[in-house]
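Chains as they are written, first to last, in the numbering used here: chain A, 90 to 316; chain B, 90 to 316.
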């Protein structure tokens, strides 16, 4: 890619940056394409709040403006779940297990996208990007492609200037995302994945299990420390 | 309506209750239909925050559980506007005027609906209702019917159990809403409309102007006090 001879203006993009590996690669990917970027992360009372530190460091490393929006005022609407209610224990093992449904914050993706779109509008940006991928789980209804399509339609209509929703990894699995991040030199050592939010990654929760499988699939060494 | 012989279960509905006249009538309307209800209001740093007191009083009068969700953590995403930024003066006169665009909070409806839907999901409710009506303004893109249709589609897909978006006033103008509220004995004296948020309604802002026209059209005396 030769940025010097690029003549068409790139879309300005607000990136939803969780601090995990998918959105870290998304940031690298859009930066490599030359898009002017801003990044937004959300504090919704998650137990693994240290992912927000990771998000801030990833944005700094990429030279991108970063804002943490605080959704904790919505906690009374969420009900009991293990991500935002510390009295509910984090289940271990694979996402496929029934117990993983406890990790759901209701309607999280719609709330985050709606908020990121608001920032795109007030910033006179063109698009919002997020790291939806083909491996998103059957237990997360708001990761379904048909949900994303409906949100895309709403996003094009919520303001006079359409805001485009970008999901460049929608055909990728997590192993392919790791491989792309490896090529783009994504600083994986800055990312945070574990739902437990301890000093090191626990290596046991559904989120850690998936991360380890993705790095193994890509044949890339995961630089983060595990318990 | 005879509730005693009602045999089909009514949908349980979360009502988006601003504290203004439209949502007040919406609450009366759904209560009269026998729906189990909860009401949610949003603090997004609006200048006319006293509408939240009106919302609480309307919910109490209707015997409905009420929660105020706090969206002020999103203020950094909104940019400058007269509703949430006290340094921007409230424009006077009709909504049709260009200056009224200053009253826009970007993507407000998507954010509020997304949040209300989250509460419907965690409450195992069936639907979210809001007071969209035919008079919603050309300056509010997120009041367009096609936007509402896209949000309805997203709402049916954001969880395994579909959440229905109800807009029973979509064919009504504000005069018709006042007439219905008059029939249903909606306590209009508890509502708050003015964007200025003073002791009494200013009678000059776009919101007051519209309210006065609606009551005049319906031939109903507005019980609130004006400056």
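Cβ atoms here follow ideal geometry from the backbone N, Cα and C, with glycine treated the same way. All of these numbers come straight from a predicted model, not from anything done at the bench.
Beta-carbon neighbours of residue i, restricted to chain A and to distances below 7 Å
i	result
residue 235 (chain B)	246
Boundaries (first-last residue) of the alpha helix (DSSP H) holding residue i
i	result
residue 266 (chain A)	263–272
residue 236 (chain B)	234–246
residue 129 (chain A)	Taken as a continuous stretch (DSSP letters only), residue 129 (chain A) belongs to no alpha helix (DSSP H), being part of the beta strand (DSSP E) at 126–132.
residue 298 (chain B)	295–307
residue 118 (chain A)	110–121
residue 164 (chain B)	164–167
residue 204 (chain A)	197–211
Within chain B, partners of residue i - CB distance below 8 Å
i	result
residue 163 (chain A)	158, 159, 160, 204, 207
Beta-carbon proximity check, residue i vs residue j, cutoff 7 Å
i	j	result
residue 131 (chain B)	residue 201 (chain B)	yes
residue 103 (chain A)	residue 217 (chain A)	yes
residue 129 (chain A)	residue 242 (chain A)	no
residue 286 (chain B)	residue 136 (chain B)	yes
residue 296 (chain A)	residue 315 (chain A)	no
residue 195 (chain A)	residue 210 (chain B)	yes
residue 215 (chain B)	residue 230 (chain A)	no
residue 278 (chain B)	residue 312 (chain B)	yes
residue 151 (chain A)	residue 119 (chain A)	no
residue 106 (chain B)	residue 144 (chain B)	yes
residue 256 (chain A)	residue 221 (chain A)	yes
residue 260 (chain B)	residue 223 (chain B)	yes
residue 109 (chain A)	residue 275 (chain A)	no
residue 267 (chain B)	residue 309 (chain B)	yes
residue 207 (chain B)	residue 166 (chain A)	yes
Interface residues of chain B facing residue i [CB-CB closer than 7 Å]
i	result
residue 239 (chain A)	239, 242, 243, 246
residue 211 (chain A)	166, 167, 168, 195
residue 98 (chain A)	Here the premise fails: no neighbours, minimum Cβ distance about 21 Å.
residue 255 (chain A)	Within 7 Å Cβ-Cβ: nothing; residue 255 (chain A) doesn't reach chain B, min ~17 Å.
Sheet register partners of residue i (DSSP bridge)
i	result
residue 255 (chain A)	A:218
residue 100 (chain B)	Looking at the DSSP assignment, residue 100 (chain B) forms no beta bridge with any residue, so it has no partner.
residue 155 (chain A)	A:128
residue 194 (chain A)	Answer is none; residue 194 (chain A) lacks a bridge partner.
residue 105 (chain B)	B:129
residue 137 (chain B)	Partner(s): none; residue 137 (chain B) has no beta bridge.
Within-7 Å CB hit, residue i to chain B
i	result
residue 281 (chain A)	no
residue 312 (chain A)	no
residue 199 (chain A)	yes
residue 154 (chain A)	no
CB contact check: residue i to chain A, cutoff 7 Å
i	result
residue 353 (chain B)	In the structure as shown, chain B begins at 90 and stops at 316. Residue 353 (chain B) is therefore absent and cannot be evaluated.
residue 266 (chain B)	no
residue 188 (chain B)	Residue placement at residue 188 (chain B) is flagged as unreliable, the pLDDT there being 42, under the threshold of 50; a coordinate-derived value is accordingly withheld.
Range of the contiguous beta strand (DSSP E) that encloses residue i
i	result
residue 311 (chain B)	That residue, residue 311 (chain B), is in no beta strand (DSSP E); it is neither H nor E in DSSP.
residue 140 (chain B)	Unbroken run through residue 140 (chain B) is the alpha helix (DSSP H), 140–151; no beta strand (DSSP E).
Residue i CB to nearest heavy atom of the ligand GTP below 6 Å
i	result
residue 244 (chain B)	As presented, the structure is devoid of all ligands, the ligand GTP included, so that no description of it is given.
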